[in-house]
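Asker: My questions all concern the structure below.
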Amino acid sequence: MIIETFVLSPFQQNTRVVACGETREAICIDPGEESKELVKFINDNNFNLQAIALTHAHLDHIGGVSALRESFPQAEILLHANDEDLYYNLPQQPLFMGIEPHQLKALGLEYERPPQISRYWQDGEIYAVGNFRFKILHCPGHTPGHVVFAEEAERKVFGGDCLFAGSIGRTDLPGGNFDELIDSIKGKILALGDDFTVYTGHGADTTIGRERATNPFLTGIYQPLGF
Ligand SMILES: [Zn+2]
Ligand SMILES: [Zn+2]
Numbered sequence: 237m238i239i240e241t242f243v244l245s246p247f248q249q250n251t252r253v254v255a256c257g258e259t260r261e262a263i264c265i266d267p268g269e270e271s272k273e274l275v276k277f278i279n280d281n282n283f284n285l286q287a288i289a290l291t292h293a294h295l296d297h298i299g300g301v302s303a304l305r306e307s308f309p310q311a312e313i314l315l316h317a318n319d320e321d322l323y324y325n326l327p328q329q330p331l332f333m334g335i336e337p338h339q340l341k342a343l344g345l346e347y348e349r350p351p352q353i354s355r356y357w358q359d360g361e362i363y364a365v366g367n368f369r370f371k372i373l374h375c376p377g378h379t380p381g382h383v384v385f386a387e388e389a390e391r392k393v394f395g396g397d398c399l400f401a402g403s404i405g406r407t408d409l410p411g412g413n414f415d416e417l418i419d420s421i422k423g424k425i426l427a428l429g430d431d432f433t434v435y436t437g438h439g440a441d442t443t444i445g446r447e448r449a450t451n452p453f454l455t456g457i458y459q460p461l462g463f
């Protein structure tokens, strides 16, 4: 499996190209902003970009969808239906985060409505990219429609903003729910197995075993206050 990471947007989001070296089929997971290097990498490797595969619809994961789709018009855009409202409200998202309308341009957070979603992820579906088979797992909590992509044979999971090295995704934005996120992580992600590598939406990669043993949100060291 070929995995190339591009750290994009003011939020330092890990945009990834994941490809099959044999068939040259590829997906881009979460294009966070327009990037010439990303387009060049796909073209220079003769990859067929079959899809823009979204874990969820926060602006730092979808800000580059429009530009990437213009370069690769054949690529399907795939998202879970429960994040559809967030997706089409991309231009308004910075405002929910407390950014003032007059600041948008200077921060590079001025967005147009993104292109039409091609198809919605179904929980449990198997999605093929060349010789690889990704199981799509619906993991709500950070957003209502968050999904992760698990490749069983490769022992790899692309986890977006559910689980980070030493932390978990924030749940204070609209649609977030702490208890739901913990249930998703424990019930679906940890259940994959300790030997899975987790490719996270921000920061370093990790493993499920390391997070199960040391992540304060999973070991019980962190107890949320009851308000
Ligand atoms: Zn997010
Ligand atoms: Zn993010």
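Counting in the numbering used here, the sequence shown runs from 237 upward without gaps. Beta carbons: idealized from backbone N, C-alpha and C, even for Gly.
In this structure, does DSSP put I335 in helix, strand or coil?
Answerer: Within the sequence shown, the letter at position 99 stands for residue 335. Coil, per DSSP.
Asker: Could you give the distance in angstroms between the alpha-carbon of L285 and the alpha-carbon of A317?
Answerer: Start at 1 with the first residue of the sequence shown, and residue 285 comes out as number 49. Start at 1 with the first residue of the sequence shown, and residue 317 comes out as number 81. Distance between the alpha carbons of L285 and A317: 22 Å.
Asker: Is the beta carbon of H438 sitting closer than 8 Å to the one on R406?
Answerer: To locate residue 438, count along the sequence shown from 1; it is residue 202. To locate residue 406, count along the sequence shown from 1; it is residue 170. The answer is no: Cβ separation not under 8 Å.
Asker: Count the other CB atoms, across all protein chains shown, that sit within 10 Å of the CB of A255; report buried if there are 16 or more and exposed otherwise.
Answerer: For the purposes of this step, residue 255 is taken as residue 19 along the sequence shown, with counting starting at 1. Counting Cβ neighbours within 10 Å, A255 comes out buried, since at least 16 surround it.
Asker: Considering just the uninterrupted stretch of the beta strand (DSSP E) at H374, what are its terminal residues?
Answerer: Taking the sequence shown and counting its residues from 1, the one referred to as residue 374 is at position 138. Per DSSP, H374 belongs to the beta strand (DSSP E) from F368 to H374.
Asker: Residues around ligand 1, please: the ones whose beta-carbon is closer than 5 Å to some heavy atom of it, in chain order.
Answerer: Result: H294 and D397.
Asker: What does the alpha-carbon distance come out to for the pair I263 and A311?
Answerer: As a first step, residue 263 must be located in the sequence shown, where it is residue number 27. As a first step, residue 311 must be located in the sequence shown, where it is residue number 75. If you take the alpha carbons of I263 and A311, they lie about 8 Å apart.
Asker: Is it the case that the region 299-306 contacts the region 347-355, given that we only count it when at least three CB pairs across the two stretches are under 8 Å?
Answerer: The region 347-355, when compared against the region 299-306, does touch it at the 8 Å Cβ threshold.
Asker: May I have the straight-line CA-CA distance separating E306 from T450, to the nearest angstrom?
Answerer: Here residue 306 refers to the residue found at position 70 of the sequence shown. Here residue 450 refers to the residue found at position 214 of the sequence shown. Taking the straight line from one Cα to the other gives about 42 Å.
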